[in-house]
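Trainee: Pasting in a structure now, in structure tokens, and then I'll have a few things to ask.
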């Protein structure tokens, strides 16, 4: 029973730290983190489900809180955060495959979902395919490039930083 409590505390602590880092990074670079052309550097954290399942609620809650504090409208708060959650879940599912596959789920989820939020929630007058391109490029930079750099940096220390949380 004591070991189970320690695991739950570890899981919650990891999730909370990931969420907090996501929020801080997003709000620090807020001019670039929102809008039809966005590079949300905090999306690099979507690589973390490769290391710990606690990153799934961590990045989801971080995105949710960032969207609320960033003044997003309700559809963006809901669907933008769900895009990050979907990406995190599928990254976790791909954790044993090539590290180069891990960034694909959040890139795809956000590229497919966020442009519709921009078009129908914010009434951005740009065509959806163009916004898919702009959001997709931002996600490739954040999740693909920065996420893989983060993966490489953390992979050496994964047994120290990310002790088993479940």
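In this note's numbering, the protein residues as written are 35 to 200. Backbone N, C-alpha and C fix where the C-beta goes; we use that ideal spot for every residue, glycine too.
For residue 193, which residues from the same chain have a beta carbon less than 8 Å from its beta carbon, with the 5 sequence-adjacent residues on both sides left out?
Mentor: Start at 1 with the first residue of the chain shown, and residue 193 comes out as number 159. Taken in chain order, the list of residues that qualify is empty.
Trainee: Answer yes if the segment 144–153 comes into contact with the segment 40–57, meaning at least three C-beta pairs across the two stretches below 8 Å, and no otherwise.
Mentor: No contact exists between the segment 40–57 and the segment 144–153.
Trainee: Taking only three categories from DSSP, how would you classify residue 179?
Mentor: By one-based count along the chain shown, residue 179 stands at place 145. In this structure, residue 179 counts as helix in the three-state DSSP scheme.
Trainee: Closest by CA to residue 88, which one among 103, 179, 43?
Mentor: Against the chain shown, residue 88 aligns to sequence position 54. Looking at the Cα atoms, 43 is the closest of the given residues.
Trainee: Once you ignore the five residues that flank residue 155 on each side, which residues in its own chain have a CB closer than 6 Å to its CB?
Mentor: Your numbering for residue 155 matches position 121 in the chain shown. Taken in chain order, the residues that qualify are 107, 109, 110.
Trainee: How should residue 94 be labelled, buried or exposed, when 16 other C-beta atoms within 10 angstroms of its C-beta is the threshold for buried?
Mentor: Locating residue 94 in the chain shown gives position 60, counting from the first residue. That one is buried.
Trainee: Cα separation between residue 177 and residue 161?
Mentor: Against the chain shown, residue 177 aligns to sequence position 143. Against the chain shown, residue 161 aligns to sequence position 127. Distance between the alpha carbons of residue 177 and residue 161 is about 24 Å.
Trainee: To test your reading of the DSSP string, which unbroken alpha helix (DSSP H) runs of 4 or more residues are found completely within the segment 82–144?
Mentor: With a minimum length of 4 residues, the continuous alpha helix (DSSP H) runs that stay inside the segment 82–144 are 89–103, 115–127.
Trainee: For the 8 Å Cβ check, are there 3 or more pairs between the segment 178–188 and the segment 126–139?
Mentor: Yes, since at least three Cβ pairs between the segment 178–188 and the segment 126–139 fall closer than 8 Å, the two stretches touch.
Trainee: Give every residue of the same chain whose Cβ lies closer than 7 Å to the Cβ of residue 169, excluding the five residues on either side of it in the sequence, and list them in chain order.
Mentor: By 1-based counting over the chain shown, the position of residue 169 is 135. So the list reads 72, 144, 145, 148, 149, once near-sequence residues are dropped.
Trainee: Is residue 122 closer than 8 Å to residue 90 when the C-beta atoms are compared?
Mentor: Within the chain shown, numbered from 1, the residue matching residue 90 stands at position 56. Within the chain shown, numbered from 1, the residue matching residue 122 stands at position 88. Yes; because the gap between Cβ atoms is below 8 Å, this pair is in contact.
Trainee: Who are the Cβ neighbours of residue 92 in its own chain at under 6 Å, not counting the five residues just before and after it?
Mentor: Here the question's residue 92 lines up with position 58 in the chain shown. Hits under 6 Å: 49, 52, 53.
Trainee: Checking 8 Å against the spacing of the C-beta atoms, do residue 77 and residue 140 come in under that value?
Mentor: Translated into the one-based positions of the chain shown, residue 77 becomes position 43. Translated into the one-based positions of the chain shown, residue 140 becomes position 106. It is a contact, given that the beta carbons lie within the stated cut-off.
Trainee: Check residue 199 in the structure and name its three-state DSSP category.
Mentor: One-based indexing of the chain shown puts residue 199 at position 165. The predicted model places residue 199 with a pLDDT of 47, which falls under 50 and marks its position as unreliable; any figure quoted below should be read in that light. Here residue 199 sits in coil by DSSP.
Trainee: Are the CB atoms of residue 116 and residue 61 within a distance shorter than 8 Å?
Mentor: Mapped onto the chain shown, residue 61 falls at position 27. Mapped onto the chain shown, residue 116 falls at position 82. Contact: no.
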